[in-house]
Every structure is written in C-alpha cells, then in structure tokens.
Amino acid sequence: EDKVVQSPLSLVVHEGDTVTLNCSYEVTNFRSLLWYKQEKKAPTFLFMLTSSGIEKKSGRLSSILDKKELFSILNITATQTGDSAIYLCAVDRNTGTASKLTFGTGTRLQVTL
Amino acid sequence: DTGVSQDPRHKITKRGQNVTFRCDPISEHNRLYWYRQTLGQGPEFLTYFQNEAQLEKSRLLSDRFSAERPKGSFSTLEIQRTEQGDSAMYLCASSFVAGGPDEQFFGPGTRLTVL
Chain A
401 EDKVVQSPLS LVVHEGDTVT LNCSYEVTNF RSLLWYKQEK KAPTFLFMLT SSGIEKKSGR
461 LSSILDKKEL FSILNITATQ TGDSAIYLCA VDRNTGTASK LTFGTGTRLQ VTL
Chain B
36 DTGVSQDPRH KITKRGQNVT FRCDPISEHN RLYWYRQTLG QGPEFLTYFQ NEAQLEKSRL
96 LSDRFSAERP KGSFSTLEIQ RTEQGDSAMY LCASSFVAGG PDEQFFGPGT RLTVL
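Those sequence lines, one after another, are chains A and B. Residue numbers for the first sequence follow this note's numbering, beginning at 401 and rising by one. Residue numbers for the second sequence follow this note's numbering, beginning at 36 and rising by one.
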C-alpha cells in the first residue's frame, strides 16, 4: 500500500526564519509528488514534482524531489505569519487511469511574530 | 468565482439520517474526485469520475455511500444511515487531463457533523 510520511508533524518558528519540511514516500509506479497548503479550508496547490533534482520555485517557496532516496523537501525562506498552515505532501501513482493521490498527515507550521 | 464549489459548507445531522452533498467542478474539467479528511489526517481518496463514469471506489466507501455524476458535470455524494464515524470534511477536487500527471483543484469542502 502507498505510504507518505511527513516530518516534522508540527513546527513553530519566528517570522523571518527559514524552514524545511520533509516528505518521504513508498509508492508503486510513482508518477508525481505534489505539495499543497491547507489553511482553514481546502488544500491549495503549490508544486508538482516529477523529475529528480529539478528545483521548483515560487517566490519564497521551493521544492525538490529525490526519486532515488524517495523523498522531497519544501523550503520556505523569510517566513511570514501568512505562511502558517498545514502543508500536505501527496504522491500520485501511475495506474494508467486517473490520479489517486495518497496524502501524508501534513506538517502544521505556525509562524509567530 | 470559477473554482470548485461545494454545497453545503456545513451539515449537522442526527445519526441514522441521510445526507447529500454537491460538488460543482471547474467547468472544463473532465475528472472529479471525492476525498474525506478527518482531524489531524490528510485527505483520503474515496472515488473518482472520468466524465460521467465512476471508475474507481476506495474500500473506505461502504455500501452506505453512493456518488453520481449524471451528466459529467456536477457530482453528488450521498451517505445513508449516517454514523458518528462519518463526521469529517468531505472534499471534492477536479482536474483536466489528456494523459500524464494532473493537478487537482480542491473545493472548500463540506464539513459533516453527525450527532
């Protein structure tokens, strides 16, 4: 069965700090890994990663995938209070049909002043 | 707003009652997914549709659960004889895919509380 493990489970940092969130996975026929941000509502898409070693970047957020070691990291630099959320990692397996995402339990990030 | 919408946003019901949720995907999206999320957990896949065809159902989807997407547009998820363990956030997502990985856009969810 597909498995996604995120660490840490929760994290409290001060505004301006840099954080690294981890996601390790076990999946048959890996297709992609996705990062979502979830505040008090539905997950919003951040990144989709399909190839090893290619960093994806969006503003202060960046992410990279290592398909050999089966993990991904999400970096947030110069954190702001608006970054406080649950960050979810999900893997998508290639079934030949649709994407069936398997999610981790998330990392709860709290950014304080 | 052209995103995924869900209705109602909150539902409180008594154990044993039936409930129905609706999801309206992004209009050009051909795939629609239902997930369930309980407190402290990531979303868990329930079922998905490619146009109007329901192509996969999770083991989590007991016979009390039924989902439809009659015209390949909006979808409904019905839970019959609700139980307290059904209390969760029910999320709908949609995507458009012509092969390869797809990006699922989530709706705001319907939070169900079964008393």
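Here a beta-carbon is modelled for each residue, glycine too, at the ideal position from N, C-alpha and C.
Going by Cα to Cα distance, which pick from the options is closest to residue i?
i: B/Gly120; options: B/Ser97, B/Asp42, B/Val132 and B/Phe109; result: B/Ser97
i: B/Ser122; options: B/Leu74, B/Phe141 and B/Leu147; result: B/Leu147
i: B/Ser101; options: B/Gly107, B/Gln139, B/Glu113 and B/Arg94; result: B/Glu113
i: B/Arg116; options: B/Arg66, B/Lys46 and B/Asn53; result: B/Asn53
i: A/Arg431; options: A/Gly504, A/Arg493 and A/Thr444; result: A/Arg493
i: A/Thr507; options: A/Glu469, A/Ser458 and A/Pro443; result: A/Pro443
i: B/Tyr125; options: B/Phe131, B/Ser110 and B/Val132; result: B/Ser110
i: B/Thr55; options: B/Gln139, B/Arg44 and B/His64; result: B/Arg44
i: A/Ile486; options: B/Gly75, B/Leu90 and B/Thr145; result: B/Gly75
i: B/Glu118; options: B/Ser93, B/Arg99, B/Gly107 and B/Val39; result: B/Arg99
i: B/Val149; options: B/Gln41, B/Cys127, B/Asp42 and B/Lys49; result: B/Lys49
i: B/Gln89; options: B/Trp69, B/Leu95 and B/Gly77; result: B/Trp69
i: A/Ile457; options: A/Thr477, A/Tyr425 and A/Leu513; result: The residue you asked about is not Ile; residue 457 of chain A is Lys in the sequence shown. Considering only alpha carbons, the answer is A/Thr477.
i: A/Asn429; options: A/Leu513, A/Thr512 and A/Val491; result: A/Val491
Is the beta carbon of residue i sitting closer than 8 Å to the one on residue j?
i: A/Lys437; j: B/Pro143; result: no
i: A/Ile473; j: A/Asn422; result: yes
i: B/Pro105; j: B/Glu79; result: no
i: A/Val404; j: A/Gln510; result: no
i: A/Ser484; j: A/Asn475; result: no
i: A/Asp402; j: A/Val427; result: yes
i: A/Leu433; j: A/Tyr425; result: yes
i: B/Gly77; j: A/Thr420; result: no
Along the beta strand (DSSP E) that carries residue i, what are the first and last residues, could you check?
i: A/Asp483; result: First-last for A/Asp483: undefined, no H or E at that position.
i: B/Asp42; result: Ser40 to Asp42
i: A/Gln510; result: Thr507 to Thr512
i: A/Leu461; result: Leu461 to Asp466
i: A/Leu470; result: Taken as a continuous stretch (DSSP letters only), A/Leu470 belongs to no beta strand (DSSP E), as it is neither H nor E.
i: B/Glu79; result: Glu79 to Gln85
Given a threshold of 16 other Cβ atoms within 10 Å of its Cβ, counted over all protein chains shown, does residue i qualify as buried or as exposed?
i: A/Ser452; result: exposed
i: A/Lys500; result: buried
i: A/Thr418; result: exposed
i: A/Thr502; result: buried
i: B/Ser130; result: buried
i: B/Arg94; result: exposed
i: A/Arg460; result: exposed
Kindly indicate if chain C contains any beta-carbon less than 8 Å away from that of residue i.
i: B/Gln139; result: Included in the structure are the protein chains A and B, with no chain C among them.
Inset, instruction - Report the residue ranges of all beta strand (DSSP E) runs contained in full by the segment 90-146 of chain B; include only those spanning at least 3 residues, in chain order. - result: Correct list: 100-103, 110-114 and 123-130.
Legend entry - Every unbroken beta strand (DSSP E) inside the segment 413-455 of chain A [3 residues or more]: Note on the segment 413-455 of chain A: whole beta strand (DSSP E) runs with a minimum of 3 residues are 419-426, 430-438 and 444-449, in chain order.
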